[in-house]
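Notes follow the structure.
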Amino acid sequence: MTLAEKSGVLLSSAQPYKMKSNMTYPGVRKPLRIVWIASAAFAVMTLLDVSPAFSQGNASKSSECRIEAVDYKGWQAQQVSNQWVQLIVVPQNGGRLMQVTFAGHPYLFVNPKLAGKYFPPSSSQWFNYGGDKLWLLPEGNDDEQHWAGNSDVLDDGPFTFRKISEGHSCEIELTSPADPQTGIQFARTISLDAESPRIAFHASMKNVTGHTVEWSMQSVSQYDTSISAAADSDPDAHMNHDFWTFTPLNPASSYLNRYHVRFGPAENLAVRVREDGLFSVHYVHMAAELWLDSIEGWLAVVDGSSQYAMVERFQYDERRIYPGKASVIFWTNGTETRLNSDGNLSLSGDPDAGPYYLEAELNSPMCRLRPGESCAFDTEWFPTRSGSEFHGATEAGIVIRPLKATVNQNGKIGLSGAFGVFFPGRLMARLYDEYGHLAATTPVAEVSPTEPVLLESAIASPGKCSRLSIHLVDNNGVDRGALEEVQLGGQDSH
Numbered sequence: 001m002t003l004a005e006k007s008g009v010l011l012s013s014a015q016p017y018k019m020k021s022n023m024t025y026p027g028v029r030k031p032l033r034i035v036w037i038a039s040a041a042f043a044v045m046t047l048l049d050v051s052p053a054f055s056q057g058n059a060s061k062s063s064e065c066r067i068e069a070v071d072y073k074g075w076q077a078q079q080v081s082n083q084w085v086q087l088i089v090v091p092q093n094g095g096r097l098m099q100v101t102f103a104g105h106p107y108l109f110v111n112p113k114l115a116g117k118y119f120p121p122s123s124s125q126w127f128n129y130g131g132d133k134l135w136l137l138p139e140g141n142d143d144e145q146h147w148a149g150n151s152d153v154l155d156d157g158p159f160t161f162r163k164i165s166e167g168h169s170c171e172i173e174l175t176s177p178a179d180p181q182t183g184i185q186f187a188r189t190i191s192l193d194a195e196s197p198r199i200a201f202h203a204s205m206k207n208v209t210g211h212t213v214e215w216s217m218q219s220v221s222q223y224d225t226s227i228s229a230a231a232d233s234d235p236d237a238h239m240n241h242d243f244w245t246f247t248p249l250n251p252a253s254s255y256l257n258r259y260h261v262r263f264g265p266a267e268n269l270a271v272r273v274r275e276d277g278l279f280s281v282h283y284v285h286m287a288a289e290l291w292l293d294s295i296e297g298w299l300a301v302v303d304g305s306s307q308y309a310m311v312e313r314f315q316y317d318e319r320r321i322y323p324g325k326a327s328v329i330f331w332t333n334g335t336e337t338r339l340n341s342d343g344n345l346s347l348s349g350d351p352d353a354g355p356y357y358l359e360a361e362l363n364s365p366m367c368r369l370r371p372g373e374s375c376a377f378d379t380e381w382f383p384t385r386s387g388s389e390f391h392g393a394t395e396a397g398i399v400i401r402p403l404k405a406t407v408n409q410n411g412k413i414g415l416s417g418a419f420g421v422f423f424p425g426r427l428m429a430r431l432y433d434e435y436g437h438l439a440a441t442t443p444v445a446e447v448s449p450t451e452p453v454l455l456e457s458a459i460a461s462p463g464k465c466s467r468l469s470i471h472l473v474d475n476n477g478v479d480r481g482a483l484e485e486v487q488l489g490g491q492d493s494h
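Residue numbering for the sequence shown follows UniProt numbering, starting at 1 and increasing by one per position.
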């Protein structure tokens, strides 16, 4: 397919679902697991389905999280782990979260050229180790109110590491050196509990000068967009042609076309404004920076080749100003298009040619800080499984294929749909009568974040109902919210 043809479709699967454009994108994929109602055998299989990186026979590892010093690609690192995920932190290299592995799948780009290495901060070079880190906005070299970037003490200085808690809940703290140029000192805590793959971040920046400063914090996550037989970041890897990012568009956006091209071609066939209100970027190896004033508080990164996804969540604050009005930024690395001195279009080489990565960036509002003051920025990551489509994210998971509910001739309600969930537990169907009253709550399926959920089942109806929602209740009995809600009728509706 041409790039123009690919831009009209989402993701691929062995048996592709039809898109709204009636186009399909065939490929080779692992089949989704079919979830059946009230199957004891399935429930047992689901409960046993945990990350292969951990021994399922060790009860202590499934009931607690751990923090331990490890060697990672030659770096002296710290690993925070539970039965679901492993986080690798390298304090010396700018306090980076270097890798996140969920159910054996690594998400982040780790530069194979710099693996295990460390270079002191430099005003003339940028040492792109990969991983996830904190940056400042606005960027530039216009004046002292812009961050010049490169490898300064915030990007590349050695951070201090502190273990705060371990066991039922793990928390670590990373603190940067004080930066005399920007007047900022970063501190970041990363938290992981024992019972889910949810990762929580609390970032703060403190004014360490004697005068007022104003900055925005930025969480910069470099996702690996290559395909390799190696565990992660193989220098001989090839580009992943089935890698996507999504975020909700702002219906009252300040930007033309509801997004802003900060760098790269204005006409970019890898970018799509969808009819359902989502903005998508299909990764191609071409330098581009795209700004969005998204207000819904999430972005999603979806790897269609492996069928893994990551959702990053944040709280949008409509009362405050964001840098350049952007709350979300996507960057794709690759060849740059520029006009030369003769006015002709030219292609410049990418200094990182070979490795493939995409940056998903979340911005805090601008913080005006007097001496000694701090401000905070809280975000969450939820790794899960994905499929051949993407139709949005909720607090409970992602919608791979929208829910449909059909009232059958026998009075039962047929359910179909595909989801990725953020917490282990059980899906519950809530049925509402025509007056909006809750008529019944029915268990649907045992689910796990490590497996995509494909509903093809039927549930009993307590009588005439008009509406149905599917909620995720975790293993502790906590309602994590609805995956989707639909109207009922005599035929499919969604």
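Ideal Cβ positions, reconstructed from N, Cα and C, are used throughout, including at glycine.
Go ahead and pull the three-state DSSP assignment for N257. helix
Can you check whether the CB of G417 is closer than 7 Å to the CB of I398? no
DSSP puts W298 in a beta bridge; with which residues? R313
Candidates P371, E289 and G277: which alpha carbon is nearest N268's? E289
Would Y118 and Q92 qualify as a contact pair, given that the criterion is a beta-carbon distance under 7 Å? yes
How is the beta strand (DSSP E) around V213 delimited, first residue to last? V213 to D224
Along the chain, where does the beta strand (DSSP E) containing D479 start, and where does it finish? D479 to Q487
For C375: DSSP bridge partner residues: M205
With P383 and P106 assumed to form a contact (beta carbons below 8 Å), what rounded beta-carbon distance in angstroms separates them? Incorrect: roughly 11 Å between the Cβ atoms, too far for contact.
Are F201 and T379 touching if we call contact CB-CB under 7 Å? yes
Does the distance from the CB of T247 to the CB of L174 come in under 7 Å? no
Selected residue, minimal CA-CA separation from E64, among L278, C465, C170 and G372: C170
If you count every other CB in all the chains shown that lies within 10 Å of the CB of A396, and 16 or more means buried, which is it? buried
With DSSP as the reference, please indicate the residues paired to S280 in a beta bridge. F246 and R272
Take K412 as the anchor and find which of A445, V453, K464 and S374 has the nearest alpha-carbon. K464
When the Cα of G324 is compared with those of Y72, T101 and L136, which residue comes out closest? L136
Please report how far the alpha carbon of T441 lies from the alpha carbon of G157, in whole angstroms. 54 Å
Which residues in the same chain as A43 place their Cβ atom closer than 7 Å to its Cβ, once the five residues preceding and following it in sequence are excluded? Summary for A43: the model assigns pLDDT 37, below 50, so the residue's position carries little reliability, and this model does not support an answer.
According to DSSP, which residues form a beta bridge with A200? S191 and E380
According to the neighbour-count rule (16 or more other Cβ atoms, all chains shown, within 10 Å of its Cβ), is F263 buried or exposed? exposed
Which class does D303 belong to by DSSP, given the choice of helix, strand or coil? strand
What did DSSP end up calling A59 once you bin it into helix, strand or coil? Residue confidence for A59 is low, a pLDDT of 37 falling below 50, so the modelled location carries little weight; the figure read from the coordinates is stated next. Looking at A59 - three-state DSSP - the assignment turns out to be helix.
DSSP three-state label for residue 495, please. In this structure the chain extends from 1 to 494, so residue 495 is not present and cannot be described.
For the candidate residues Y223, T337 and A287, whose alpha-carbon lies nearest to that of V311? Y223
Take E373 and list the residues in its own chain whose beta-carbon comes closer than 8 Å to its own, dropping the five residues that flank it on each side. K206 and N207
Reduced DSSP category for P138 - H, G, I as helix; E, B as strand; rest coil: coil
For my contact list, G297 and R313 are in at a C-beta cut-off of 8 Å; report their separation, rounded to the angstrom. 6 Å
Sort G425, A266 and E434 by Cα distance to T337 and report the nearest one. A266
Once DSSP output is grouped into helix, strand and coil, what is the label at residue 499? Any property of residue 499 remains undetermined from this structure, which presents the chain solely from 1 to 494.
For S151 and V444, the rounded distance between their alpha carbons: 51 Å
Applying the criterion that 16 or more other CB atoms from any shown protein chain within 10 Å of the CB defines a buried residue, is V271 buried or exposed? buried
Do V328 and S294 count as a contact pair if the criterion is CB distance below 7 Å? yes
Hey, H211 and W244: beta-carbon distance below 7 Å or not? no
What separation, rounded to the nearest whole angstrom, lies between the Cα atoms of S461 and L472? 19 Å
What are the boundary residues of the beta strand (DSSP E) that L154 is part of? Element bounds for L154: not the beta strand (DSSP E) but the alpha helix (DSSP H), V153 to D156.
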